[in-house]
Amino acid sequence: MLTNFVIASRNAPLIERWRGLNLPSAQQTICSRWSELSQREWPSASLCVLDLALCEAEPSFPDLHPLSARVCLCLFAAEFQIQDELRWLASGVRACCTPELEDERLKVIVDVTVKGGIWVSNQSLPMLLQGLQRFAVPSSTSASKVAESCLNVLTPQERKIAQLVGQGESNKLIARALNISDHTVKTHLSAIFSKLHLNDRVHLALLVNQDVSSSAS
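Heads up: the sequence shown begins at 1 in full-length UniProt numbering, then just goes up one per residue.
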C-alpha cells in the first residue's frame, strides 16, 4: 500500500496530471528543488516521480543512486533513448515515463513499481531481452518445466501472442503479424496475465524465454 507520494517538478501541468491520478496515498508532497529530495526522510512504501528537468536545472547533474536506493524512483521526461532508459533501470530507477503514456498505464506502472517490480517501455524491451538471453542456459530444470506447464493453460492464439512478446514485439507488430487489431492484442494480453498471474509483459517475456531454453535443450 502506497503511503507517501512525492512529485518532484516545477512543471505545473505535469504535477497536476500525476495528482489527478488520485493514487491511494496517505500523504502527497510536491518538491520543487533537488535539495528537498536529497535531504528528505523516506518512510516505507514511498514513491517519488522525478522530473528530469529538475535535475538538469542543477549546476551539476545530481547522482540519483542514493535516492533510488531509498525510495521507489520513477523518472519523467519528454523522451528517453533506449540506452538511457536501460542505464537508468540498471542504476536502480524503477520506471522511465513519458508524456504519451495514458493515465491508466501510469497507474499500472505505479502499482508494479511500488510492489518492487520495474516497468520497461515497449521500445526498450527487445534490447533488454537480448541482454537477458545471454544468461539463458538450456536445461531441463524444474523451473523450465514449470514454465512449459504454465504456458499450456493458454489458448493457441494466446500462446502465439506470448511467444511474440518473448521476442520483444510491440502490440502493433503483434497485431500485424497475426492480422488482428491492437485492441484484440490487449484483450488477449489481459487474459494471459490473469491466467499466468503475471503483472506485466517483462515477466511474460522472461517466462516464455525460459520455456524456449527448455525446448532447445
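Think of the CB as a built atom: it goes at the ideal place given N, C-alpha and C, for glycine as much as any other residue.
Residue i in three-state terms, based on DSSP
i	result
N179	coil
C63	Contrary to the premise, residue 63 reads as Asp rather than Cys in this sequence. Residue state, collapsed to three classes: coil.
F80	coil
A216	Unreliable positioning characterises A216 in this predicted model, as indicated by a pLDDT of 49, which lies under 50. The coordinate reading is nonetheless provided below. Residue state, collapsed to three classes: helix.
T3	coil
T29	strand
A143	Confidence in A143 is poor, its pLDDT being 49 and thus under 50, which makes the residue's placement unreliable; the coordinate value appears in the next sentence. Looking at A143 - three-state DSSP - the assignment turns out to be helix.
S35	helix
A162	helix
V49	strand
A57	coil
L73	strand
H203	helix
Option nearest residue i by Cα separation, candidates the options
i	options	result
E148	Q210, L125, I174 and A77	Q210
A78	N11, C72 and L206	N11
P66	K172, R40, P59 and Q81	R40
N4	V114, L178, A162 and I161	V114
A177	Q157, S35, L2 and A90	Q157
I192	S181, R159 and D182	R159
M127	L189, V202 and L101	V202
A53	A205, T29, L47 and F80	F80
Q27	S170, C150, L151 and S44	S44
S170	W42, L198 and A205	A205
M1	V110, L14 and L89	V110
W34	I174, G20, P13 and P62	P62
I15	E104, V185, P99 and P24	P99
L129	W42, V185, L37 and L164	L164
8 angstroms contact criterion, which residue i and residue j should meet: CB distance rounded
i	j	result
V108	F76	Contact doesn't hold; Cβ gap of about 15 angstroms is too wide.
V208	G166	3 angstroms
K195	D182	Not really, about 21 angstroms apart at Cβ, beyond 8 angstroms.
C72	S46	6 angstroms
C31	A57	Actually they are not in contact, since the Cβ atoms of C31 and A57 sit about 13 angstroms apart, beyond 8 angstroms.
I161	L189	7 angstroms
L21	D103	6 angstroms
Inset, instruction - Please determine if the segment 75-85 and the segment 108-125 are in contact, where contact requires at least 3 C-beta pairs separated by less than 8 angstroms. - result: yes
Inset, instruction - Examine the Cβ distances between the segment 90-109 and the segment 53-71 and report whether three or more of them are shorter than 8 angstroms. - result: Yes, the segment 90-109 touches the segment 53-71.
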